[in-house]
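Student:
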Amino acid sequence: MEKHDYQQLGETIYEETLPNGLLVQLLPKAGFHKTYALMTTDFGSTDRTFTPRGADEAVTIPDGVAHFLEHKMFEKADHDAFDLFGQYGADANAYTSFTRTSYLFAASRHLKENLNILLDFVQDPYFTEATVAKEKGIIGQEIQMYDDDPSWQLFMGIVGNLYPTEPVHIDIAGTVDSIGQITAEQLMSTYQTFYHPSNMNLFIVGAFEPDSVMTWIKENQTSKTFEQPAAIDRTIIENHDQTEILPYRSRHLNVTMPKSIVGLRGLDDVPSGRNGLKYSLAASLLLDMLFADTSETYLKLYDAGIIDDSFDYDLSLERGFHFLTVSSDTDDPNGFSEAIINVLEHVSDYLSGQPAIENFELVKREAIGHHIMMLNSVEAIANAYEGKLFDNANLLDETQLLESLTLADVQSLAEALIRSEGISVFDVLPTEDTEDLENS
Amino acid sequence: MKQDLANGVHLTVLPTTQFKTVSVLVSFCSPVQLATLTTRSLLADLLETSSAMYPTQTALAAVLSNMYGANFNTNVTKMGNLAQFQFALTLANGRYLEGQPNLLADGFHFLNEVMLNPLVSTQNGITGFDQQTFDRQKENLAIALRAVSDDKMLYARLQAQRLHFGDTAAAYPSAGRLVDVESLTAQSVYNEYRRILTDDEVFIYVMGDVDADEVATLLDSFDLTDRPSMSRQITIPQETPSNVTRKVEHQSITQAKLDLAYNLPVHYGDNQYFAAQVFNGLFGGTPLSLLFTNVREKKSLAYYANSGINFFNQTLLVQAGIDGEQAVTVQQIIGEQLADLASGKFSVDRMSQVKETLINQREAAQDAPRLVVGSELLGDLTASPMAVSDWIDGINAVTAQDVAAIAQQTSLATSYLLTK
Numbered sequence: 001m002e003k004h005d006y007q008q009l010g011e012t013i014y015e016e017t018l019p020n021g022l023l024v025q026l027l028p029k030a031g032f033h034k035t036y037a038l039m040t041t042d043f044g045s046t047d048r049t050f051t052p053r054g055a056d057e058a059v060t061i062p063d064g065v066a067h068f069l070e071h072k073m074f075e076k077a078d079h080d081a082f083d084l085f086g087q088y089g090a091d092a093n094a095y096t097s098f099t100r101t102s103y104l105f106a107a108s109r110h111l112k113e114n115l116n117i118l119l120d121f122v123q124d125p126y127f128t129e130a131t132v133a134k135e136k137g138i139i140g141q142e143i144q145m146y147d148d149d150p151s152w153q154l155f156m157g158i159v160g161n162l163y164p165t166e167p168v169h170i171d172i173a174g175t176v177d178s179i180g181q182i183t184a185e186q187l188m189s190t191y192q193t194f195y196h197p198s199n200m201n202l203f204i205v206g207a208f209e210p211d212s213v214m215t216w217i218k219e220n221q222t223s224k225t226f227e228q229p230a231a232i233d234r235t236i237i238e239n240h241d242q243t244e245i246l247p248y249r250s251r252h253l254n255v256t257m258p259k260s261i262v263g264l265r266g267l268d269d270v271p272s273g274r275n276g277l278k279y280s281l282a283a284s285l286l287l288d289m290l291f292a293d294t295s296e297t298y299l300k301l302y303d304a305g306i307i308d309d310s311f312d313y314d315l316s317l318e319r320g321f322h323f324l325t326v327s328s329d330t331d332d333p334n335g336f337s338e339a340i341i342n343v344l345e346h347v348s349d350y351l352s353g354q355p356a357i358e359n360f361e362l363v364k365r366e367a368i369g370h371h372i373m374m375l376n377s378v379e380a381i382a383n384a385y386e387g388k389l390f391d392n393a394n395l396l397d398e399t400q401l402l403e404s405l406t407l408a409d410v411q412s413l414a415e416a417l418i419r420s421e422g423i424s425v426f427d428v429l430p431t432e433d434t435e436d437l438e439n440s
Numbered sequence: 001m002k003q004d005l006a007n008g009v010h011l012t013v014l015p016t017t018q019f020k021t022v023s024v025l026v027s028f029c030s031p032v033q034l035a036t037l038t039t040r041s042l043l044a045d046l047l048e049t050s051s052a053m054y055p056t057q058t059a060l061a062a063v064l065s066n067m068y069g070a071n072f073n074t075n076v077t078k079m080g081n082l083a084q085f086q087f088a089l090t091l092a093n094g095r096y097l098e099g100q101p102n103l104l105a106d107g108f109h110f111l112n113e114v115m116l117n118p119l120v121s122t123q124n125g126i127t128g129f130d131q132q133t134f135d136r137q138k139e140n141l142a143i144a145l146r147a148v149s150d151d152k153m154l155y156a157r158l159q160a161q162r163l164h165f166g167d168t169a170a171a172y173p174s175a176g177r178l179v180d181v182e183s184l185t186a187q188s189v190y191n192e193y194r195r196i197l198t199d200d201e202v203f204i205y206v207m208g209d210v211d212a213d214e215v216a217t218l219l220d221s222f223d224l225t226d227r228p229s230m231s232r233q234i235t236i237p238q239e240t241p242s243n244v245t246r247k248v249e250h251q252s253i254t255q256a257k258l259d260l261a262y263n264l265p266v267h268y269g270d271n272q273y274f275a276a277q278v279f280n281g282l283f284g285g286t287p288l289s290l291l292f293t294n295v296r297e298k299k300s301l302a303y304y305a306n307s308g309i310n311f312f313n314q315t316l317l318v319q320a321g322i323d324g325e326q327a328v329t330v331q332q333i334i335g336e337q338l339a340d341l342a343s344g345k346f347s348v349d350r351m352s353q354v355k356e357t358l359i360n361q362r363e364a365a366q367d368a369p370r371l372v373v374g375s376e377l378l379g380d381l382t383a384s385p386m387a388v389s390d391w392i393d394g395i396n397a398v399t400a401q402d403v404a405a406i407a408q409q410t411s412l413a414t415s416y417l418l419t420k
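As they're listed, the protein sequences go chains H and G.
Heads up: the first sequence begins at 1 in the UniProt record's numbering, then just goes up one per residue.
Heads up: the second sequence begins at 1 in the UniProt record's numbering, then just goes up one per residue.
1) So what does residue 313 of chain H bridge to, in DSSP terms?
2) What's the call for residue 1 of chain G, buried or exposed, on a 16-neighbour Cβ count within 10 Å?
3) Between residue 236 of chain G and chain H, is any beta-carbon pair separated by less than 8 Å?
4) CA-CA distance, residue 270 of chain G and residue 294 of chain G?
5) Could you work out which residues of chain H lie near residue 19 of chain G, taking near to mean beta carbons separated by less than 7 Å?
6) Among the candidates H:248, H:271, H:269, H:230, whose CA atom is the shortest distance from the CA of residue 260 of chain H?
7) With a floor of 4 residues, list each alpha helix (DSSP H) that falls wholly inside the stretch 338-389 of chain H, ordered by position along the chain.
8) Please name the residue in G:306, G:254, G:258, G:52 whose C-alpha comes closest to that of residue 279 of chain G.
9) Taking Cβ-Cβ distances shorter than 9 Å, what residues in chain G pair up with residue 327 of chain H?
10) For residue 170 of chain H, which residues of its own chain have a beta-carbon under 6 Å away from its beta-carbon, when the five flanking residues on both sides are left out?
11) In chain order, what residues of the same chain have a beta carbon less than 6 Å from the beta carbon of residue 248 of chain G, not counting five sequence neighbours either side?
12) For residue 136 of chain H and residue 332 of chain H, what's the separation of their Cα atoms in angstroms?
13) Quick one: does residue 274 of chain H have its CB under 8 Å from some CB of chain G?
14) Step through the CB atoms of chain G and report whether any lies within less than 8 Å of the CB of residue 130 of chain H.
15) Are the Cβ atoms of residue 181 of chain G and residue 156 of chain G separated by less than 8 Å?
16) Under the DSSP definition of a beta bridge, which residues are partnered with residue 318 of chain G?
17) Please name the residue in G:168, G:11, G:16 whose C-alpha comes closest to that of residue 27 of chain G.
18) Might you give, ordered along the chain, the residues of its own chain that have their beta carbon closer than 7 Å to the beta carbon of residue 146 of chain G, omitting 5 neighbours on each side?
19) CB residue 419 of chain G to CB residue 250 of chain G, shorter than 8 Å?
20) Does any CB atom of chain G fall closer than 8 Å to the CB of residue 298 of chain H?
21) Could you tell me whether the stretch 211-221 of chain G touches the stretch 7-25 of chain G, where touching means 3 or more Cβ pairs closer than 8 Å?
22) Mapping the DSSP letters down to three states, classify residue 439 of chain H as helix, strand or coil.
23) Between which residues of its own chain and residue 16 of chain G is the CB-CB distance below 8 Å, once the five residues before and five after are set aside?
24) Which residue's Cα is closest to the Cα of residue 60 of chain G: G:192, G:110, G:403?
25) Quick one: using the 10 Å Cβ neighbour count with 16 as the cut-off for buried, is residue 446 of chain H buried or exposed?
26) Comparing the C-beta of residue 257 of chain H with each C-beta of chain G, is any distance below 8 Å?
27) Measure how close the beta-carbons of residue 347 of chain H and residue 418 of chain H come, nearest whole angstrom, since I'm counting them as under 8 Å.
28) Using three-state DSSP, classify residue 411 of chain G as helix, strand or coil.
29) How long is the line joining the alpha carbons of residue 387 of chain G and residue 228 of chain H, rounded to whole angstroms?
30) I want to see whether chain H comes within less than 8 Å of residue 69 of chain G, judged by CB atoms only; does it?
31) Should residue 3 of chain G be labelled buried (16 or more other beta-carbon atoms within 10 Å of its own) or exposed?
32) Pairs of beta-carbons, one from the stretch 317-328 of chain H and one from the stretch 153-165 of chain H, closer than 8 Å: are there three or more?
33) DSSP three-state call for residue 95 of chain H: helix, strand or coil?
34) Grouping DSSP H, G and I as helix and E and B as strand, with all else coil, what is residue 405 of chain G?
35) For the 8 Å Cβ check, are there 3 or more pairs between the stretch 310-319 of chain G and the stretch 231-238 of chain G?
36) Quick one: which residues of the stretch 285-309 of chain H get their C-beta closer than 8 Å to a C-beta of chain G? List them in chain order.
The structure is reproduced here in structure tokens:
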């Protein structure tokens with residue numbers, strides 16, 4: 001077990017890769033009562049074409065398998081893993097993103113028992129046609145709920161504009177049609193390909209003694225047999241075909257005020273490893289410089305009544321894609337998107353001269369402070385971990401890397417990332433009958 | 001450490017090295033009034049975004065960014081008969097930053113500015129908030145209150161609440177009522193501000209790796225003067241309802257929302273309080289609950305189905321996202337779950353698991369600064385502080401009979417369905 005001290009931050013992390021390939025990271029928090037354990041596989045909704053373990057040819061699975069698998073992992077022949085956690089009062093959950101699936105629990109008691117439950121239910125697949133059929137109803141309801149969520153529709157709308165032919169444009173949960181095609185056999189073959197320990201990591205933060213916890217994990221893992229680690233052949237196309245980007249679409253939904261989102265698809269290559277994390281942090285600082293509530297753009301748009309407190313911006317950077325979004329509820333969707341695009345197209349004006357130097361120092365200082373604050377949260381520390389994507393960098397590494405960033409880093413990042421041909425707009429507009437809603 | 005800075009101005013300092021932040025909460029408390037609900041909501045928005053020293057949102061945001069991204073917000077909240085107007089500030093502890101800046105003094109200086117020197121102007125001897133800033137925030141509040149109908153889960157809950165509590169403050173969210181916004185003026189909101197500042201009882205909490213004397217010295221300049229202590233009669237009692245108020249509303253939505261309000265005459269901290277917590281955990285308050293396992297999982301009738309108790313309104317609220325065509329069945333099955341609890345038809349194992357869950361949650365809450373401070377405040381307001389260990393003992397002592405007794409007192413008063 002390797003020990004890494006982060007003196008300035010007052011934290012220590014312990015790390016070991018087990019013989020079966022599972023990477024374990026432990027971060028004990030002095031004075032805390034709760035422990036949060038997060039077990040993640042490097043597999044998400046965009047991994048739909050790959051060569052299954054032991055097969056010769058690539059297959060394409062229905063959209064929504066990663067999320068479906070996540071739901072079904074909890075159910076076993078004679079019990080449900082939720083109930084096992086429940087016996088100890090632990091709070092268990094799971095989530096699926098475009099490129100990751102994570103299983104987690106939080107508990108203040110019975111850490112050893114809860115850890116065993118986590119490791120055992122994730123490493124013991126059980127799927128039957130009957131249980132798969134029943135799950136289709138539950139997930140169908142979940143998909144419907146997202147249909148009614150204007151913010152999610154806005155987000156998926158812009159992703160669809162930016163990536164019209166790539167898996168990322170499809171809802172993580174799939175569609176009612178696509179999940180209808182899922183079979184137990186597909187789930188098992190997908191599981192065997194992506195849930196090998198060598199494609200997974202376990203990140204634990206909170207109230208524990210690291211030596212004991214590592215011993216418990218090893219006891220659990222050595223009691224099981226796993227196949228040899230094997231490289232996963234998945235079809236990742238880092239596609240830079242800008243011509244496919246749809247410049248504008250809109251959709252009418254049951255909302256009182258229009259919502260507008262501007263997206264920018266990264267058409268450049270993100271460096272690998274820690275340099276990728278540096279890229280990601282520089283891109284976040286760039287967005288802060290342009291659009292944070294300390295920026296001139298924010299004040300101008302706010303005072304003009306074009307944006308309100310719903311204004312938001314984000315960087316999505318995962319395996320195989322990266323894009324920026326800037327969104328707001330607005331009475332003037334055209335005015336909003338034009339203003340945002342104008343800033344993006346004149347980005348160099350915002351990155352030169354004395355004001356830019358001061359702005360950079362301000363947003364960097366804020367970002368560092370926020371990282372310190374995140375260290376209060378066991379969930380935030382574990383959830384920030386991106387595994388292989390950034391060469392196993394954790395939140396502490398990230399905080400240190402942030403300290404080293406310069407305005408020049410942001411300038412060169414902006415030059416590579418911000419390109420007019422990557423920009424698109426999506427609006428969610430009120431349906432006609434929503435006038436009645438306002439007065440109800 | 002607790003001390004009174006003046007009559008009705010209470011300071012609690014909670015020194016700890018557990019967190020890498022310093023949390024400050026200042027809560028002004030007075031009896032809730034429907035007439036000032038919206039006034040105070042707009043006031044919170046004004047004070048959160050401007051002050052004489054930091055006249056624009058950008059200027060205010062910049063001073064926070066400069067303090068290493070300090071978090072500042074104002075908040076209005078209700079607890080039964082009690083209205084609270086809160087200022088909250090969270091600072092990174094400078095010792096973890098390069099150069100180890102002392103952010104505590106800067107933080108209190110900032111708080112002093114935003115609390116005591118608002119962005120106002122005086123014309124013809126009448127003082128009010130700066131008109132332009134006021135107009136912008138007023139419009140934003142109206143927009144936010146209108147946008148509530150976009151969030152169907154929230155909208156349904158608020159409609160149920162309105163139906164349940166009639167025309168009282170409890171019927172409306174702390175954010176206020178759209179219908180009241182128009183009549184607010186820069187002067188009327190300023191008058192409410194002055195009233196809060198001089199009349200409301202004040203509770204101040206500072207938690208982190210801090211020195212209590214330093215904190216008290218920093219608060220000297222706030223000059224909060226003597227004021228009366230308010231009534232501790234916080235609970236709004238609910239009688240057993242004579243009949244069920246029902247409403248069905250139609251909108252073009254995919255997933256229907258069913259919200260049910262029950263009266264539950266248990267007081268916070270009394271001898272049935274712990275049993276009510278365990279009852280709620282079994283009924284719909286945890287993933288082990290009957291609503292979650294039977295309604296959602298076993299019968300696939302709902303995407304979400306949960307319950308929560310507001311002890312200060314003596315109300316239990318069930319919220320469910322369902323297939324609209326199944327509404328009658330769902331409501332019937334929810335009723336059956338409650339009846340089973342009332343007649344003691346539930347697993348004792350399940351009950352002990354719920355207890356474990358509640359205990360885990362209570363212990364885990366000690367790791368969230370906001371919850372630790374909130375718990376201190378609750379103890380002070382109710383004058384019945386509960387140590388975590390006493391709380392755990394109380395939960396462990398609950399029997400199946402105790403739970404059944406609570407279920408028997410839980411009576412449906414309001415049913416609201418939003419469907420297509």
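Glycine included, C-beta positions come from ideal geometry on N, C-alpha and C.
Tutor: Working from what's here:
1) Taking the first residue of the first sequence as 1, we reach residue 313 of chain H at position 313. Paired residues: H:326.
2) In the second sequence, counting from the first residue as 1, residue 1 of chain G sits at position 1. Residue 1 of chain G is exposed by the Cβ-count criterion.
3) For the purposes of this step, residue 236 of chain G is taken as residue 236 along the second sequence, with counting starting at 1. Residue 236 of chain G is outside the set of residues whose beta carbon lies under 8 Å from a beta carbon in chain H.
4) If you number the second sequence from 1, residue 270 of chain G lands on position 270. If you number the second sequence from 1, residue 294 of chain G lands on position 294. Their Cα atoms are separated by approximately 30 Å.
5) Here residue 19 of chain G corresponds to residue number 19 of the second sequence, with the count starting at 1. What residue 19 of chain G touches in chain H: 376.
6) On the first sequence, position 260 is the one that residue 260 of chain H refers to. Cα-wise, what sits closest to residue 260 of chain H is H:248.
7) 353-374, 378-383
8) As a position in the second sequence, residue 279 of chain G is number 279, starting the count at 1. The option with the nearest alpha carbon to residue 279 of chain G is G:306.
9) Translated into positions along the first sequence, residue 327 of chain H becomes position 327. Against residue 327 of chain H, chain G offers no close residue; the least beta-carbon distance is about 14 Å (beta-carbon pairs closer than 9 Å).
10) As a working mapping, residue 170 of chain H is identified with position 170 in the first sequence. Answer for residue 170 of chain H: 63, listed in chain order.
11) Residue 248 of chain G sits at position 248 when you count from the first residue of the second sequence. Excluding sequence neighbours, residue 248 of chain G sits near 417.
12) As a first step, residue 136 of chain H is located in the first sequence; it is residue number 136 there, counting from the start. As a first step, residue 332 of chain H is located in the first sequence; it is residue number 332 there, counting from the start. For residue 136 of chain H and residue 332 of chain H, the distance between alpha carbons rounds to 40 Å.
13) Numbered from 1 along the first sequence, position 274 holds the residue referred to as residue 274 of chain H. It does not: the Cβ of residue 274 of chain H has no partner Cβ on chain G nearer than 8 Å.
14) Residue numbering aside, residue 130 of chain H sits at position 130 when the first sequence is read from its first letter. Against chain G, the CB of residue 130 of chain H has no partner CB under 8 Å away; the residue lies outside that interface.
15) As a position in the second sequence, residue 181 of chain G is number 181, starting the count at 1. As a position in the second sequence, residue 156 of chain G is number 156, starting the count at 1. In this structure, residue 156 of chain G does not lie closer than 8 Å to residue 181 of chain G by Cβ.
16) Position 318 of the second sequence, counted from the start, is the residue given in the question as residue 318 of chain G. For residue 318 of chain G, which the question treats as bridged, DSSP gives the partners G:260, G:307.
17) In the second sequence, the residue the question calls residue 27 of chain G occupies position 27. Nearest C-alpha to residue 27 of chain G: G:11.
18) Counted from its first residue, the second sequence places residue 146 of chain G at position 146. Same-chain partners within the cutoff: 178.
19) Here the question's residue 419 of chain G lines up with position 419 in the second sequence. Here the question's residue 250 of chain G lines up with position 250 in the second sequence. Yes.
20) Along the first sequence, read from residue 1 onward, the residue named residue 298 of chain H stands at position 298. Yes - at least one Cβ of chain G is within 8 Å of the one on residue 298 of chain H.
21) yes
22) Residue mapping note: residue 439 of chain H aligns to position 439 of the first sequence, counting from 1. Residue confidence is low: residue 439 of chain H scores 34 on pLDDT, short of 50, so the model does not pin down where it sits. Its coordinate-derived value is still stated next. In this structure, residue 439 of chain H counts as helix in the three-state DSSP scheme.
23) Taking the first residue of the second sequence as 1, we reach residue 16 of chain G at position 16. Hits under 8 Å: 207, 208, 209.
24) The residue you call residue 60 of chain G lines up with position 60 of the second sequence. Considering only alpha carbons, the answer is G:110.
25) What the structure shows of chain H is the stretch from 1 to 440, and residue 446 of chain H is not part of that stretch, so it cannot be assessed.
26) In the first sequence, counting from the first residue as 1, residue 257 of chain H sits at position 257. Yes, residue 257 of chain H counts as interfacial toward chain G.
27) Reading the first sequence from its first residue, position 347 is the one you call residue 347 of chain H. Reading the first sequence from its first residue, position 418 is the one you call residue 418 of chain H. About 5 Å separates the two Cβ atoms, so the contact holds.
28) Stepping through the second sequence from its first residue, residue 411 of chain G is reached at position 411. Here residue 411 of chain G sits in strand by DSSP.
29) The residue labelled residue 387 of chain G in the question sits at position 387 within the second sequence. The residue labelled residue 228 of chain H in the question sits at position 228 within the first sequence. The straight-line gap from Cα to Cα measures roughly 52 Å.
30) In the second sequence, counting from the first residue as 1, residue 69 of chain G sits at position 69. So, interface residue.
31) Taking the first residue of the second sequence as 1, we reach residue 3 of chain G at position 3. Exposed, since its Cβ has fewer than 16 Cβ neighbours within 10 Å.
32) yes
33) Position 95 of the first sequence, counting from 1, holds the residue named residue 95 of chain H. Correct three-state label for residue 95 of chain H: strand.
34) As a first step, residue 405 of chain G is located in the second sequence; it is residue number 405 there, counting from the start. In this structure, residue 405 of chain G counts as helix in the three-state DSSP scheme.
35) yes
36) 292, 293, 294, 295, 296, 298, 299, 302, 303, 305, 308, 309
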